[in-house]
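Same order as they appear, the protein sequences are chains A and B.
Residue numbering for the first sequence is 5 to 380, as defined by my numbering.
Residue numbering for the second sequence is 5 to 380, as defined by my numbering.
Glycine residues also receive a C-beta, built at the ideal position from the N, C-alpha and C atoms.
Number of protein chains: 2
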Amino acid sequence: MEFLVESEYFNRAITDVSKAVSQKTPFPILSGIKIMATKESLIVIGSNADIIIEQVIPMEIDGVQVLEVKEVGSVVLSAKYLSELVRKLPGKIHLTVNEKQIATLKADEIVTTLNGFHAEEYPTLPSMEETTHIRMQSTDLIEMINQTAFAVSKSEARAVLTGVNMLFEETKLTCVATNSHRLAWRELPIESGVSGAFIVPSTSLHELTKLMQKTTGMIKIFATDRYIVFKTNSTTLYSRLIEGNYPNVAGLFSKNARTMITVNTKQLLKGVDRACLFASEWKNNNVHMEIKDGLKLKITSNSSEIGKIEETQPINKLSGETDLSISLDGSFLIDALKAIKEEEIKISFGGTMRPILMEPVGNNSYMHLISPVRSC
Amino acid sequence: MEFLVESEYFNRAITDVSKAVSQKTPFPILSGIKIMATKESLIVIGSNADIIIEQVIPMEIDGVQVLEVKEVGSVVLSAKYLSELVRKLPGKIHLTVNEKQIATLKADEIVTTLNGFHAEEYPTLPSMEETTHIRMQSTDLIEMINQTAFAVSKSEARAVLTGVNMLFEETKLTCVATNSHRLAWRELPIESGVSGAFIVPSTSLHELTKLMQKTTGMIKIFATDRYIVFKTNSTTLYSRLIEGNYPNVAGLFSKNARTMITVNTKQLLKGVDRACLFASEWKNNNVHMEIKDGLKLKITSNSSEIGKIEETQPINKLSGETDLSISLDGSFLIDALKAIKEEEIKISFGGTMRPILMEPVGNNSYMHLISPVRSC
């Protein structure tokens, strides 16, 4: 195997796939990155128990040659040393691998050798039928993930709740995440050739959003029973799926509100953030909300040890009962308010012990539920 | 006590003095910040066992009123909660303290109370005679600290080596730091009204450089047996001194070099940084240097497990013997090379087991010694 590659692109591909590689794996070969030089491109792969990331460097980028393959072949090299090394090498890198799997990397007057592994020992990728897939804007997908994935459960006690449930139907995609105390729901109209529900680990989706940060084009999604694959021109992420049945959440969005208010999203976020100052002294970050004089929202939090904080904010619209008093986990409120871009939100209260429903005004594709906590 | 202050300036002062405050102190009052409102200004103080930081907010900044004191007085408030709170309060803050030492902070429609301590219980500041002091440019002082403080010992085994020795003489200031394996020495001509040597903890100097990052004016320095004080218009840092005798280092700079080379500073830094890739597998980050063909510097590092790296760099000037071979701690080399701004450096080698001397070309105010390690 022998090729020349611009260090800039090689570095970027290695950095991206390194995110999937764990140094703690019991199999030394999985702490490595698989590099394959073919006649068309250079393929770089990193993986762990949950995800596989593949990056492709073509011969040319924007009409400039960045890769020259002199001899096709493959090798697996330590992710840790390869990524540190390539980051520090200037200009063009000339990589050759001998029959002992020792790679030599040359750049200017710098010569490095790295002991490698036989690429045959690296696990093969899951096989996928690319024929049935969904295409959507990567920015749409990232937004859906950002608006839901934070709400998953951090506890492995119910594994299905550590993932985001992605439900593909003929005309729409729905993402749901919950930790059973709060729930985020997001819908998007798409034309889907695939139907089915897939529980995707939030950690995989988190990696995906990081990988796709600068991507603006289309993304293809296809799935099997055990894997879901997200693919752009240069990047492919395979994620395992979580097995099990996701709870049915359709019945949770009760429309029987006792009180409904409309407030400014950012202002409420700032107020709750301030109230959380003392809320951290509580088990559930208790922040208390009530309606004052029938026209203002009063947000309070206190700790007998340290002090208290209290502020009032205008309510833009109010309907229903005005004797509202409820305690909520301030960190859940902050997460939800950060996920909403719209200027105003509508909050529906069903009663002191009923979950509140938050929806952006003028957008019915997002809903968020938060269960109250007992106030003392 | 009652005053109104612009939150921007109050926040900045509290953030700065908070750096001195430890939450782990056994005395609750020391986890607080002392606030004093006088007729002229607002004084904010934070401290720990090593340093005290004092910030002064005047009535006016750039001709704009930022402070209005309605009733003089003082209080001590929790550093943790005060700094988090003030960062989140908008506009002007109205602070009042009642007879129970409960502070009320109001901003817009936000009302907060914080339980405080009696200011009388806060330790008094060390008294200083400001009459004999040194004045120097703060940027000069910061540069001297940045070029030396990194070289101190991290081990408390010899306490004096954890500090920078600041030697004030009539016409110059000299700073020296060493961990007994490497030594940094920097000199600056100043007119000094003070004479004496003071061992200042590197941690205090590190805080000082952070505090002074955006300062460009003059700094006053004065000292007693137990404290050294650095003072600008708005900021004062008191640091305890380390007791003991600092080793005499004057005899260490041997001028009997066997080989002297001049090389490009940045290029050597990059090369050593690359060589450190495998060097971390060694106990002492071994990087090996030798002269190749009498005209090039060869830098190598290897690990039998992982691989090896080798590069050659041009030598700009060479005098003395050309059979040089020495192993050094790569991290010490990197630290020293980063401290030198000049384009070229001269390195003097006394032999395989003698310390090397590094000096910037065209500047004899900085010297750096590094002892070799045994190569295997």
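So, for residue i: in the same chain, excluding its five sequence neighbours on each side, which residues have a beta-carbon less than 7 Å away from its beta-carbon?
i: Lys-342/B; result: Leu-273
i: Leu-145/A; result: Ile-223
i: Phe-172/A; result: Ile-138, Ser-196, Val-198, Ser-199 and Gly-200
i: Asp-277/A; result: Ile-338
i: Glu-10/A; result: Val-70 and Lys-96
i: Ile-33/B; result: Val-80, Phe-121, Glu-125 and Tyr-126
Which residues in the same chain have their Cβ closer than 6 Å to the Cβ of residue i, if we skip the five residues on either side of it in sequence?
i: Glu-12/B; result: none
i: Thr-166/A; result: Val-156 and Ser-157
i: Ser-22/A; result: Gly-50, Ala-83 and Ser-87
i: Glu-6/A; result: Lys-74, Glu-75 and Thr-100
i: Gly-3/A; result: This structure does not reach residue 3/A, given that chain A is present from 5 up to 380, and the question cannot be answered.
i: Ile-39/A; result: Val-48 and Val-79
Kindly list, in the order they appear in chain A, the residues whose Cβ is closer than 8 Å to that of residue i.
i: Ser-82/B; result: Ile-310
i: Thr-19/B; result: Per Cβ cutoff of 8 Å: no residues; Thr-19/B is ~16 Å from chain A at best.
i: Asn-119/B; result: Glu-309, Ile-310 and Gly-311
i: Tyr-85/B; result: Leu-281, Phe-282, Ile-310 and Gly-311
i: Val-115/B; result: Ile-313, Glu-314 and Glu-315
Decide if residue i is buried, meaning its Cβ has at least 16 other Cβ atoms within 10 Å, or exposed.
i: Thr-128/B; result: exposed
i: His-292/A; result: buried
i: Met-63/A; result: exposed
i: Asn-249/A; result: exposed
i: Asn-102/A; result: exposed
i: Arg-378/A; result: exposed
i: Ala-279/A; result: buried
i: Phe-31/A; result: exposed
i: Ala-161/A; result: exposed
i: Asn-169/A; result: buried
i: His-372/B; result: buried
i: Thr-263/B; result: buried
i: Ala-254/A; result: exposed
i: Gln-27/B; result: exposed
i: Asn-252/B; result: exposed
i: Cys-380/A; result: Low local confidence applies: a pLDDT of 49 at Cys-380/A is under 50, so the model's placement there is unreliable, and no value is given.
Once the 5 residues before and after residue i are set aside, which same chain residues still bring their CB inside 8 Å of it?
i: Lys-296/B; result: Lys-302 and Thr-316
i: Pro-376/B; result: Ile-330, Ser-331, Leu-332, Thr-356, Met-357, Arg-358, Pro-359 and Ile-360
i: Val-115/A; result: Thr-108 and Leu-109
i: Thr-117/A; result: Ile-106, Ala-107, Thr-108 and Leu-109
Pull up the distance between the alpha-carbon of residue i and that of residue j, whole angstroms please.
i: Gln-141/B; j: Asn-183/A; result: 57 Å
i: Thr-240/B; j: Val-204/B; result: 15 Å
i: Ser-159/B; j: Ser-331/B; result: 23 Å
i: Asp-229/A; j: Leu-245/A; result: 8 Å
i: Ala-17/A; j: Lys-92/A; result: 15 Å
i: Met-282/A; j: Glu-309/A; result: According to the sequence displayed, residue 282/A carries Phe and not Met. So the alpha carbons of these two residues sit roughly 10 Å apart.
i: Lys-176/A; j: Phe-226/A; result: 15 Å
i: Ser-208/B; j: Met-357/B; result: 34 Å
i: Ala-340/A; j: Glu-124/B; result: 45 Å
i: Ala-107/B; j: Ser-206/A; result: 44 Å
i: Lys-104/B; j: Gly-311/A; result: 13 Å
i: Val-60/B; j: Ala-53/B; result: 21 Å
i: Leu-46/B; j: Ile-194/B; result: 33 Å
i: Lys-214/B; j: Asp-20/B; result: 9 Å
i: Glu-147/A; j: Glu-113/A; result: 46 Å
i: Gln-271/A; j: Glu-348/A; result: 10 Å
i: Ile-37/A; j: Val-25/A; result: 8 Å
i: Glu-211/B; j: Ile-232/B; result: 14 Å
i: Thr-304/A; j: Ser-238/B; result: 36 Å
i: Gly-149/A; j: Ser-335/B; result: The displayed chain sequence assigns Ile, not Gly, to residue 149/A. Distance between the alpha carbons of Ile-149/A and Ser-335/B is about 42 Å.
Residues of chain A with CB under 9 Å from residue i, in chain order?
i: Val-9/B; result: The contacting residues do not exist; Val-9/B stays about 18 Å from chain A at best.
i: Lys-321/B; result: In chain order: nothing, as chain A lies at least about 19 Å away.
Interface residues of chain B around residue i at Cβ under 8 Å?
i: Lys-96/A; result: Residues of chain B passing the Cβ test: none, with the nearest at roughly 15 Å.
i: Lys-92/A; result: Lys-274, Asp-277, Arg-278 and Leu-281
How would you list, in chain order, the residues of chain B whose beta-carbon sits under 7 Å from the beta-carbon of residue i?
i: Leu-89/A; result: Leu-281
Where are the alpha helix (DSSP H) runs, 4 residues long or more, that stay fully inside the segment 64-138 of chain B, in chain order? 83-92
Which full runs of the beta strand (DSSP E) of 3+ residues lie inside the segment 158-219 of chain B, going along the chain? 167-172, 176-182, 186-193 and 200-205
Can you list the beta strand (DSSP E) stretches of 3 or more residues lying completely in the segment 286-364 of chain B, in chain order? 290-296, 300-307, 311-318, 321-324, 329-333, 348-353 and 360-364
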